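Sequence order for the protein chains is H and V.
Quick note on numbering: the first sequence equals residues 1 to 113 in my numbering.
Quick note on numbering: the second sequence equals residues 1001 to 1112 in my numbering.
Note that the Cβ used here is the ideal one computed from N, Cα and C, for glycine as well.
Keep in mind the model is a prediction, meaning the values are calculated, not measured.
These notes are about the structure you will find just below.
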Amino acid sequence: NAGVTQTPKFRILKIGQSMTLQCTQDMNHNYMYWYRQDPGMGLKLIYYSVGAGITDKGEVPNGYNVSRSTTEDFPLRLELAAPSQTSVYFCASGGQGTFSEQFFGPGTRLTVL
Amino acid sequence: ELKVEQNPLFLSMQEGKNYTIYCNYSTTSDRLYWYRQDPGKSLESLFVLLSNGAVKQEGRLMASLDTKARLSTLHITAAVHDLSATYFCAGDRGSTLGRLYFGRGTQLTVWP
């Protein structure tokens, strides 16, 4: 049981390049989330999904896109990377219901130069 | 939007001492979460507080929730070096969608 896995762990992009951050969970959770964490700050929600085929925007969605074709996978797409997207990105998953909690992946550290 | 404020943001304390981290939030949040993050690592869930008056304890850490005051506290008892980390609180506005709003975190350093 690997939990939440993310790839890559580190990446450097040039301004204007695109990339996809991968996220997979093996806990059969319906809910999945993408957050970004800037230095000295808490996490901010980018996008989330409540099930395959259903996604919605969070607090800071501009410059990103997501898709959810399976329960397990929730990739995050960066189009036209900008320096403001330099951050650490965390994927999380959680079950439904009052007692659910979110489990976080190891993170992807992205630098845009 | 739910605003979550933690204080202090930085805390340096001696081993053996007690201290409390405070987490205030702006609107209704029936659930309050505490996470721990070690440098360069992911977030580890510590506590999920589900109702007013909830208190949970694990080792030297105790968390409580007062929904009327919109306040949660994380109390550290007899601190040890291994507790050095950044601690985040987060609320979810009481919805079932699990959208979390995080505070900026409290960076705790415990020294001998």
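Close Cβ partners of residue i (< 6 angstroms) along its chain, the five nearest in sequence each way excluded
i, result
"T86 (chain H)", "T111, V112"
"M32 (chain H)", "S49, F74, S93"
"F1047 (chain V)", "W1034, K1056, A1063"
"E59 (chain H)", "K44, L45"
"L21 (chain H)", "L76, Y89, T108"
"F1010 (chain V)", "Q1107"
Chain V contact residues for residue i, given Cβ-Cβ distances below 9 angstroms
i, result
"S49 (chain H)", "Result: empty, since nearest Cβ-Cβ is about 10 angstroms, beyond 9 angstroms."
"G63 (chain H)", "Going along chain V, no residue has its Cβ under 9 angstroms from G63 (chain H), so there is no contact; the nearest lies around 19 angstroms."
"M41 (chain H)", "F1102, R1104, G1105"
Which of helix, strand or coil DSSP assigns to residue i
i, result
"H29 (chain H)", "coil"
"S67 (chain H)", "coil"
"Q1057 (chain V)", "strand"
"Q6 (chain H)", "strand"
"L1108 (chain V)", "strand"
"S1148 (chain V)", "The requested residue 1148 (chain V) is not part of the displayed model; chain V covers only 1001 to 1112."
"D38 (chain H)", "coil"
"D1038 (chain V)", "coil"
"D56 (chain H)", "strand"
"D1082 (chain V)", "helix"
"S84 (chain H)", "helix"
"R1031 (chain V)", "coil"
"K44 (chain H)", "strand"
"D1092 (chain V)", "coil"
Amino acids of chain H, ordered along the chain, whose beta-carbon sits closer than 8 angstroms to that of residue i
i, result
"V1055 (chain V)", "Going along chain H, no residue has its Cβ under 8 angstroms from V1055 (chain V), so there is no contact; the nearest lies around 17 angstroms."
Close Cβ partners of residue i (< 8 angstroms) along its chain, the five nearest in sequence each way excluded
i, result
"S18 (chain H)", "R77, L78, E79, L80, A81"
"N1018 (chain V)", "H1075, I1076, T1077, A1078, A1079"
"P83 (chain H)", "I15, V112, L113"
"Q1014 (chain V)", "A1079, V1110, W1111, P1112"
Contact list for residue i against chain H, beta-carbon separation under 9 angstroms
i, result
"L1108 (chain V)", "Here the premise fails: no neighbours, minimum Cβ distance about 14 angstroms."
Endpoints, the beta strand (DSSP E) within which residue i is located
i, result
"L113 (chain H)", "Neither: L113 (chain H) is in no beta strand (DSSP E) and is coded neither H nor E."
"R11 (chain H)", "10-13"
"E1044 (chain V)", "1043-1049"
"Q17 (chain H)", "Counting along the chain, Q17 (chain H) falls outside any beta strand (DSSP E), and DSSP gives it neither H nor E."
"Q1006 (chain V)", "1004-1007"
"T1067 (chain V)", "Run containing T1067 (chain V): none; DSSP gives neither H nor E here."
"T76 (chain H)", "The amino acid at residue 76 (chain H) is misidentified as Thr; the sequence shows Leu. Run containing L76 (chain H): 76-78, per the beta strand (DSSP E) assignment."
"L1011 (chain V)", "1010-1014"
Close beta carbons around residue i, own chain, < 7 angstroms, minus the five adjacent residues each side
i, result
"D1038 (chain V)", "A1085"
"E101 (chain H)", "G94"
"L1083 (chain V)", "R1060, I1076, L1108, V1110"
"N1007 (chain V)", "Y1022"
Listed by chain order, chain V residues near residue i by CB distance under 7 angstroms
i, result
"S100 (chain H)", "G1098"
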